[in-house]
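First residue of the sequence shown? That's 13 in our numbering, and the numbers climb one at a time after it. Note sheet for the following structure.
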Amino acid sequence: MNPVTRRTLALAILFTGAGSVTTATASASAAVPTSITVSYTCSAALGTGTATPVKLTATLPASAAVNRPLTISWNLESALRASDALPAGTVSQRGMLRLTAAAPDTLVTTSALNTAIGAGQPITLPDMKGEFTPSAAGPLTVIPGDVTLIINKAGTTQETLCVADPAAAALGTITVTGAATPTGSPTSTPTATPTPTPSTTPSTTPSSTPTSTKTVTVTPTPANDDDRDTTVITPQGGAPTGGGGLSAANPIPYVAAAAVVLLAAGIGLERRRKRIHGL
């Protein structure tokens, strides 16, 4: 494929809205084509093992954003030729790109040929492409690496490795800008406010002591039926033990009752004595 055809193919891919390319161009600036020459040494089966200058072409975005994917495409014009006829879909290639930045990385790019190649014809494949997502801001330099040509034919796989000069110049530098976008927002769980349990103050209902009236009748021994004196003692309040009786724990009521009895008896005896003596 001549340079004009390859350039036309690259432009067609950029503007037809193909999946990964469309995503990359949405997050990066306009692609910038570049071309350099790098020395490659290709091994058998198709190579001779001799270092040979190879022209490389690449299309890189001038700038990109952190955490947004970008696409890099590149190819090399090797002098490798098919030793025999190769059916469509049997040839592919895999190229490595070194990325130097705050966090160095390696990008794997691939492409495949969907047309047949006649015996002795140059093996020219479409541009290799790969997608990369930078994780930090700063310059991102792209350096060409090794390329492997793969032929799958009649159930066998044949690989030709082309090793790049370790001192190869960079394909270009991409300026990465913007702060990293967090992948998720932390979810805070509100702390539940415990519902206070009201303290229950036991209600104590004092037991009321019923007021009872106890009537004590003291009857002195009369001299006859018409000389009968009656003294009534009515204590106020009942005994704390219930039943309205006098409390056994308080002797005062008993002493008072005894005094009243003695007094009544004395009065009765004095009246009897006076009656007997005619006083």
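Where a beta carbon is used, it is the ideal one built from N, C-alpha and C, also for glycine. Since we're looking at a predicted model, the values are computed, not measured.
{"Item": "C-alpha gap between S374 and T168, whole angstroms", "Value": "The structure shown does not extend to residue 374, since the chain is modelled only from 13 to 291, so the question has no answer here."}
{"Item": "Through-space distance from L281 to V273, alpha-carbon basis", "Value": "12 Å"}
{"Item": "Those residues which DSSP pairs with Y52 across a bridge", "Value": "T64 and A176"}
{"Item": "Alpha-carbon to alpha-carbon, A277 and P232", "Value": "Any reading at P232 must be qualified, since the residue scores a pLDDT of 47, below 50, and its modelled position is unreliable; the value itself is stated next. Distance between the alpha carbons of P232 and A277 is about 5 Å."}
{"Item": "Opposing strand residues paired with I163 [DSSP bridges]", "Value": "V103 and Q170"}
{"Item": "Contact the stretch 146–157 vs the stretch 174–188: 3+ CB pairs below 8 Å", "Value": "yes"}
{"Item": "Exposed unless 16 or more other CB atoms sit within 10 angstroms - verdict on G59", "Value": "buried"}
{"Item": "CB contact flag (S90, V66, <7 Å)", "Value": "yes"}
{"Item": "Residue closest to V78, alpha-carbon to alpha-carbon, out of L125, T145 and N87", "Value": "T145"}
{"Item": "Contact check, T122 vs R110, beta carbons under 7 Å", "Value": "no"}
{"Item": "A113, DSSP secondary structure in three states", "Value": "coil"}
{"Item": "For I186, the first and last residue of its enclosing beta strand (DSSP E)", "Value": "G184 to T189"}
{"Item": "Any non-hydrogen atom of the ligand NAP closer than 6 Å to L82 Cβ", "Value": "This structure lacks the ligand NAP; in fact it carries no ligand of any kind."}
{"Item": "Between the CA atoms of L119 and S51 - distance to the nearest angstrom", "Value": "20 Å"}
{"Item": "Range of the contiguous alpha helix (DSSP H) that encloses I264", "Value": "I264 to I288"}
{"Item": "CB contact flag (P45, E143, <7 Å)", "Value": "no"}
{"Item": "Proximity winner among T69, A74 and I135, relative to R93 (alpha-carbon distances)", "Value": "I135"}
{"Item": "Opening and closing residue of the beta strand (DSSP E) in which L88 lies", "Value": "L82 to E89"}
{"Item": "Reduced DSSP category for D158 - H, G, I as helix; E, B as strand; rest coil", "Value": "strand"}
{"Item": "Buried versus exposed, by CB contacts within 10 Å (16 or more), L304", "Value": "In the structure as shown, the chain starts at 13 and stops at 291, and residue 304 therefore has no counterpart that could be examined."}
{"Item": "Backbone CA spacing between A76 and T64 [nearest angstrom]", "Value": "34 Å"}
{"Item": "Extent of the continuous beta strand (DSSP E) to which G132 belongs", "Value": "Where G132 is concerned, there is no enclosing beta strand (DSSP E), given that its DSSP letter is neither H nor E."}
{"Item": "DSSP beta-bridge partners of L152", "Value": "I186"}
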